[in-house]
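Enquirer: The structure that follows is given in the form of structure tokens.
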Amino acid sequence: MKKGIFIPGLAVATTAVLLAGCGSGAANGTDSAANSNQKNGGESSDELYVYNWGEYIDENVITQFEEETGIRVIYDLFETNEEMYPIIEAGAVTYDVVCPSDYMIQKMVENDMLAEVNFDNVPNIDQIDPAYMEMSTAFDPENKYSVPYCWGTVGILYNTKRLEELGVAPPTKWADLWDEKLSGEILMQDSVRDAFMVALKKDGFSMNTSDKDELAKAKQALIDQKPLVQAYVIDQVRDKMIGGEAAVGVIYSGEMLYIQEEVANLGLDYTLEYILPEEGTNLWLDCWVIPKNAKNKENAEKWMDFLCRPEIAKANFEYITYPTPNKGAFDLLDEDLQNNKSVFPDINSLVNCEVFRYLGEDVDSVYNDLWKEVKSN
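See below:
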């Protein structure tokens with residue numbers, strides 16, 4: 369979901385207890401969370417163990433937090449929700465604050481893995497737009513466990529010039545990604561839930577369905593589409609589209625500011641436009657949560673409160689470019705940014721949009737098995 373897996377300027381370490389291939393880093397050259405936990409048990413009240421996506425925070429924000437609070441941040445990275453979950457579940461490394469996505473937060477709540485946030489220690493929660501607090505009730509029904517951090521949509525990015533060359537009209541719906549004229553020109557997300565979201569929404573189904581007939585139809589649609597797909601990618605979609613390697617790609621809205629700036633800087637003779645398909649899409653929300661075994665819970669709440677400060681949330685947004693749910697930060701942005709509907713669509717006007725829900729282990733297995741069939745065909 370994020371722009372990359374590495375934060376420039378942060379030292380990277382290999383954490384022995386993490387899954388193979390899991391990136392791990394420490395802010396300002398400090399030890400990784402795993403190594404520090406092994407050294408001193410993570411019991412110091414002046415430490416905070418953070419587990420976050422790569423390139424999903426401004427490192428200057430970390431430095432400012434440390435300087436203001438005297439708390440040393442030990443920072444590790446993960447690439448996917450599915451990589452993060454077993455690390456927290458195993459508890460071999462005790463993190464104090466983690467940034468999962470909506471459906472994974474629901475899974476963690478249902479499995480009693482999270483501590484309730486003491487919002488007396490997070491007064492800046494009042495800076496989060498109530499619309500996003502309401503949105504988070506889809507996975508945190510009583511708003512007890514999570515503090516919204518970033519949000520966005522999933523849509524279609526298209527190359528205006530390439531489509532004109534192919535004689536294809538700009539897309540308006542997911543079904544347009546099955547146009548045979550786009551053979552070899554389509555980039556799909558290499559993600560089971562995202563790929564199935566596209567196919568399910570195309571046919572008017574919920575992206576949270578557990579109906580076997582609907583899932584079978586979606587699987588067949590993805591198999592039928594596969595000969596048209598140039599590649600299943602994640603972060604590479606933005607660079608491939610900027611490089612003119614494909615006509616259309618499924619992408620997260622948080623990439624749009626970067627893409628728009630790159631297109632302008634490179635002086636390309638084509639534009640890249642972003643649309644939300646008329647059948648509806650995924651409306652996602654990432655939040656900070658506190659694992660139940662956290663050793664520095666109050667420090668985690670200080671971190672949450674700090675990141676909710678409008679000027680901090682603004683600086684963070686300008687670095688990571690993913691939409692902020694912080695109304696105070698939004699009010700500080702230039703008017704042209706506030707009016708950029710690719711980045712900040714009107715959440716109240718979005719039609720047929722859904723938040724991913726955790727469907728249970730059995731249904732997850734069904735999705736995964738069907739995705740294997742798609743990829744193996």
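In terms of the working numbering, the sequence shown opens at residue 369 and continues consecutively. Quick reminder that beta carbons are idealized off the backbone N, C-alpha and C, glycines included. The model shown is predicted, which means the values in this text are computed figures rather than measured ones.
#1: In angstroms, rounded to a whole number, what distance separates the CA positions of I619 and G523?
#2: Spatial neighbours of P693 within its chain, please: CB distance less than 6 angstroms, with the 5 preceding and 5 following residues excluded, ordered by chain position.
#3: With distances taken Cα to Cα, identify the nearest neighbour of I610 among F724, K580, E630.
#4: Which runs of the alpha helix (DSSP H) at least 4 residues long sit entirely within the stretch 560-635? Give them in chain order.
#5: Which residues does DSSP list as the beta-bridge partners of Q495?
#6: Report the partner residues of F446 according to the DSSP bridge assignment.
#7: Whose CA, out of N736, I442, D673, lies closest to the CA of E427?
#8: With distances taken from CA atoms, which of A683, E729, Q628 is nearest Q432?
#9: Using DSSP with H/G/I as helix, E/B as strand and the rest coil, what is E658?
#10: What's the gap between the Cα of N650 and the Cα of K580?
#11: Between N420 and the rest of its own chain, which residues show a CB-CB distance below 6 angstroms, the 5 nearest in sequence each way excluded?
#12: How far does the alpha helix (DSSP H) with L531 in it extend, from its first residue to its last?
#13: Identify every residue that forms a DSSP beta bridge with P516.
#14: Would K407 be called buried (16 or more neighbouring beta carbons within 10 Å of its own) or exposed?
#15: Assuming M672 is part of the alpha helix (DSSP H), what are its boundary residues?
#16: Between Q593 and the rest of its own chain, which residues show a CB-CB distance below 8 angstroms, the 5 nearest in sequence each way excluded?
#17: How far does the alpha helix (DSSP H) with I430 in it reach, from first residue to last?
#18: Leaving aside the five residues before and after A681 along the sequence, list all residues of the same chain whose C-beta is less than 6 angstroms from its C-beta, in chain order.
#19: Is T383 helix, strand or coil when you go by DSSP?
Expert: The structure says:
#1: Position 251 of the sequence shown holds residue 619. Position 155 of the sequence shown holds residue 523. I619 and G523: Cα-Cα distance of roughly 6 angstroms.
#2: Looking up residue 693 in the sequence shown gives position 325. I496, D497, Y500, P516, W519.
#3: Looking up residue 610 in the sequence shown gives position 242. Ranking the options by Cα distance to I610, first place goes to E630.
#4: 560-570, 580-593, 604-610, 624-634
#5: Within the sequence shown, residue 495 is the residue found at index 127, counting from 1. BP columns for Q495 are empty, so no partner.
#6: By one-based count along the sequence shown, residue 446 stands at place 78. Looking at the DSSP assignment, F446 forms a beta bridge with W421.
#7: Reading the sequence shown from its first residue, position 59 is the one you call residue 427. Comparing Cα positions, the closest option is I442.
#8: Counting from 1 along the sequence shown, the entry for residue 432 is found at position 64. The residue with the shortest Cα to Cα distance from Q432 is A683.
#9: One-based indexing of the sequence shown puts residue 658 at position 290. The question names Glu, but residue 658 is Ile in the sequence shown. Note: I658 maps to coil in three-state DSSP.
#10: To locate residue 650, count along the sequence shown from 1; it is residue 282. To locate residue 580, count along the sequence shown from 1; it is residue 212. Their Cα atoms are separated by approximately 20 angstroms.
#11: The residue given as residue 420 occupies position 52 in the sequence shown. Hits under 6 angstroms: C467.
#12: Along the sequence shown, one-based indexing puts residue 531 at 163. First-last of the alpha helix (DSSP H) with L531: 528-534.
#13: Mapped onto the sequence shown, residue 516 falls at position 148. Partner(s): C655.
#14: Counting from 1 along the sequence shown, the entry for residue 407 is found at position 39. Any reading at K407 is ruled out, since the residue's pLDDT is 43, under 50, leaving its predicted position unreliable.
#15: The residue labelled residue 672 in the question sits at position 304 within the sequence shown. 665-675 is the span of the alpha helix (DSSP H), which, as asked, contains M672.
#16: One-based indexing of the sequence shown puts residue 593 at position 225. Counting only Cβ-Cβ distances below 8 angstroms, and skipping sequence neighbours, we find L545, W546, I554, M556, A567.
#17: One-based indexing of the sequence shown puts residue 430 at position 62. It spans 427-437 - the alpha helix (DSSP H) in which I430 sits, taken as one unbroken run.
#18: Residue 681 sits at position 313 when you count from the first residue of the sequence shown. T692, N694, A697, listed in sequence order.
#19: Within the sequence shown, numbered from 1, the residue matching residue 383 stands at position 15. Note that T383 scores 32 on pLDDT, short of 50, meaning its location in the model is unreliable; the coordinates nonetheless yield the value given after this. Reduced to three states, the DSSP call for T383 is coil.
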